[in-house]
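Just so you know, this note's numbering puts 31 at position 26 of the sequence shown, and the rest follows in order with no gaps.
Below is one structure, written out as structure tokens; the observations come after it.
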Amino acid sequence: MKDKIFGVLQRVGRSFMLPIAILPVAGLLLGFGSSFTNETTIATYGLQKILGDGTILHALLIIMNKVGSAVFDNLPLIFAVGVAIGMAKKEKEVAALSALIAYFVMNVAINGMLVVNGKITADGQIAKSVLEGTVTSVCGIQSLQMGVFGGIIVGLGVAALHNRFHKIVLPNALSFFGGSRFVPIISTIVYMFVGILMYFVWPAVQNGIYALGGLVTGSGYIGTLIFGIIKRALIPFGLHHVFYMPFWQTAVGGTMEVAGQMVQGGQNIFFAQLADSANVAHFSADATRYFSGEFIFMIFGLPGAALAMYRCAKPEKKKAAGGLLLSAALACMLTGITEPLEFSFLFVAPALFAVQVVLAGAAYMIAHMLNIAVGLTFSGGFLDLFLFGILQGNAKTSWLRIIPVGIIYFILYYVIFTFLIKKFDFKTPGREDDDVETKLYTKADVNARKEAGKSGGAAGNTSEDPVSEAITDGLGGKKNISDVDCCATRLRITVHDATRVNDDILKTTGSRGIVKKGQGVQIIYGPQVTVIKSKLEDYLETAPNEYFEGAKNAETDNAGNQSQSDAESTADVQPSASSTQPEKKVLKTAIIYSPVTGIAADLSTAPDEGFAEGMMGEGAVVTPKDPVICAPEDGEVEFIFDTKHAIGFQTDTDLPMLLHIGIDTVKLEGKGFEILVEQGQHVKKGEPLMKIDIPYLTENAPSLCSPILCTEIEDNQRVRLLANGEIKAGEPLFAVETVEE
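Following this line, the structure appears as structure tokens:
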């Protein structure tokens, strides 16, 4: 259980990195925009002609400022989508869309509760009884002030729903809504109720957050020290993002009124002050206490440790170690990326990392004590120091104080690391044994060490997805599969060698039929094919990349015996054609009417093997002469395929139907089709369902012949063709008869 929780927390931390990645760019835009539109800065450096009001650069910088602010203003939504993408295991684009929908649904539901309970008046104003700052505008929706927490709640919840339901198989009548299509549906329903729940729960949570924030900020410099130590100690586990994010982005990190708006979170407060820097005498060190100290040990301290490791390296390895340590030190100083340095002494000398944790934690406290207020977007390197410290001026940030403290830190790291390395003979880079390569370690090495302790390998394991395994074997093995796709009812595969495809194996997977055209293989499963495709793609990611040697088609393996078996089959079939059995009594008959004016024919004439052999259902074909496709009976539109070429229909007599216009029209991606109804709409017989562009379809589709099918025919039901040749829309096409069993 502990390992499982740890694994989940690691994934949560990693999922934060996608939305965090946009912050440096937004911060750069905001930093340049606010710095070079500040009248004091322009006047100080005499840049009125270049950057003054009315110049092109001034207008561009104002736009940059607003663009940067837009990112920080909408961080909750960005986190909702980013976390959902990061936590979703497959089909991440579906999770992203679902999170976007869920975020708006949740806030609209909260807004509804606020209106119903009188917290928001009829004219859209916040009631006077509402505590200031608890209700805010979220993407134009008045909702509770949940900040980034609201986005994280949506992102994590939607990802959980996505991972649970993106392969769900629904009953045939609802199968179109199965698989990934079900995720935004269930997310909408769930987050409507989450929004209602949040109306009651969030005020208590908000009070708890304020209390926790008050505890941290109220503990003064000691609280800053503890924060810094914990954050650095979590680096090896990859959980530091989970820890510091609330301090940066929520009320846990404090609240402050900036430019008339209540702002939550240390980083948000800094950038709000930066955007309003003309009215700020000195940025808040209480807000920047969660990151200002990083400049001290990233620009000065850790490079001192790198110098110590270089000086302690063996003479014959100094050159190799020096090059590696110099590049790692420069990365740390310029960008604040400490991983190459920290991970290199973490494993070989944990005691050195313990020193790093304590010194780094103290740096946060010292920066707080010295009223240093330099912001950052991602990490405490020189680039952020230049933008958010030097450019903003010492009067606003006290950035000059970083230099003397940094020099002291450089000396401390160098002296302490040198002493400990020599005293305990730590195998830091350049001091390894002669048969060990001099290298810097990364997170890949961390993961490798974790995996090394686990038993096993997957050798000998049986597949957890026998259907996908059988499909792969039937297609000749993973190495024989070139491409996997699907349409409304068929799994469409391209293989390298068609002779390796084994129909007998594929038939065991529940397929209704198999169609082969050159290197193309179509396996017909029905509307649930999207789930089958998703599972197959998952299986192929880990399947061995080899041929399945048993996959030789029975048609080729048994070629020598084929003529004899054919003769036997013919002999067996012939007697059954005689009418020796009495005709069964018809109990009831349902008439299906032609949905379009055209030429009717038997289903067996369809220019597609799958349709012609009844693999997807029984019925008839009609080649349209009129562009309007109508309802073949009274019933409900069950589903409309994304490519608009086919409609699922359920008659009031409970016959599930498929109206498939043209052959291989799925490839047209909706061009030539105009849908006139909505999913779930009840229609009368003859009511228009869609309109088609006959000239376009005739030119771009293999055939306009359109199968009209009953997709689920019971054992005691049979289809009888009622028309052959010219037929008008609304005339009887075929009958579905239910007979005695």
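We treat Cβ as the ideally placed atom computed from N, Cα and C, and that holds for glycine.
A direct Cα-Cα distance of roughly 46 Å separates Glu618 from Val110. When only Cα atoms are considered, Ile240 and Ile413 end up about 24 Å apart. With fewer than 16 other Cβ atoms inside 10 Å of its own Cβ, Gly51 counts as exposed. Boundaries for Leu660: no alpha helix (DSSP H) harbours it, and the DSSP string shows neither H nor E there. Membership of Pro471 in the alpha helix (DSSP H) is indicated by the continuous run Pro471 to Gly479. Our two residues, Gly398 and Phe296, have alpha carbons roughly 18 Å apart in a direct line.
Contact check for Lys649 against Gly675 passes: the beta carbons are separated by less than 8 Å. Its Cα nearest to that of Ala475, the residue Asp508 stands out among Ala292, Ala503, Arg497 and Asp508.
With contacts defined as CB atoms closer than 8 Å, Val601 and Gly640 fail to qualify as a contacting pair. No Cβ-Cβ contact shorter than 8 Å links Ile106 with Ser185. By alpha-carbon distance to Ala606, the top candidate from Glu683, Asp720, Asp488 and Leu727 is Leu727. A straight-line Cα-Cα distance of about 22 Å links Gly309 and Val379.
Secondary structure within the stretch 135-191: the alpha helix (DSSP H) runs of 4 or more consecutive residues, fully enclosed, are 152-170 (chain order). Between the stretch 678-692 and the stretch 706-719 there are fewer than three inter-stretch CB-CB distances shorter than 8 Å, so the stretches are not counted as touching.
If you look at Val526, you'll find it in the beta strand (DSSP E) that goes Gly525 to Ile529.
Contact between Leu307 and Tyr418 is confirmed by a C-beta separation of about 7 Å, below the 8 Å threshold.
Leu35 places its beta carbon less than 8 Å from that of Phe276.
Short of 8 Å from the beta carbon of Thr423, and not among the five residues preceding or following it, lie these beta carbons of its own chain, in chain order: Ala313, Arg316 and Cys317. Measuring C-alpha to C-alpha distances from Leu694 to each of Glu679, Ile732 and Ala706 identifies Glu679 as the nearest. Residue pairing for Leu726: DSSP places it in a beta bridge opposite Phe739. Taking C-beta separations shorter than 7 Å and ignoring five residues to either side along the sequence, the partners of Phe181 in its chain run Pro532, Glu643, Phe644 and Gly653, following chain order. Leu331: member of the alpha helix (DSSP H) spanning Lys323 to Thr340, first to last residue. Residue state for Val263 is assigned as strand, using DSSP reduced to three classes.
Each of Gly200, Ala85 and Asp470 was checked against the Cα of Leu23, and the nearest Cα belongs to Ala85. If you ignore the 5 residues before and after Gly385, its C-beta comes within less than 6 Å of the C-beta of Glu299, Phe300, Met303 and Gly341, all in its own chain and listed in chain order. Under DSSP, Arg497 shares a beta bridge with Asp490 and Gln527. Here Leu307 carries a helix assignment [DSSP, helix/strand/coil].
In this chain, the beta strand (DSSP E) harbouring Gly603 covers Gly603 to Asp607. Straight-line spacing of the CA atoms in Ala127 and Ser142 works out to 16 Å. Burial check for Ala354: the Cβ neighbour count within 10 Å reaches 16 or more, so the residue is buried. For Cys715, DSSP records a beta bridge to Glu623 and Met662. Excluding its 5 nearest sequence neighbours in each direction, Arg723 has C-beta neighbours in its own chain below 6 Å: Glu742, listed in chain order. In this chain, Glu683 is not harboured by any alpha helix (DSSP H), its DSSP state being neither H nor E.
For Lys593, DSSP records a beta bridge to Thr743. In terms of CA proximity to Arg495, Ser539 leads the group Gly482, Arg505 and Ser539.
Residue environment analysis places Val268 among the buried positions, since at least 16 neighbouring C-beta atoms fall within 10 angstroms of its C-beta.
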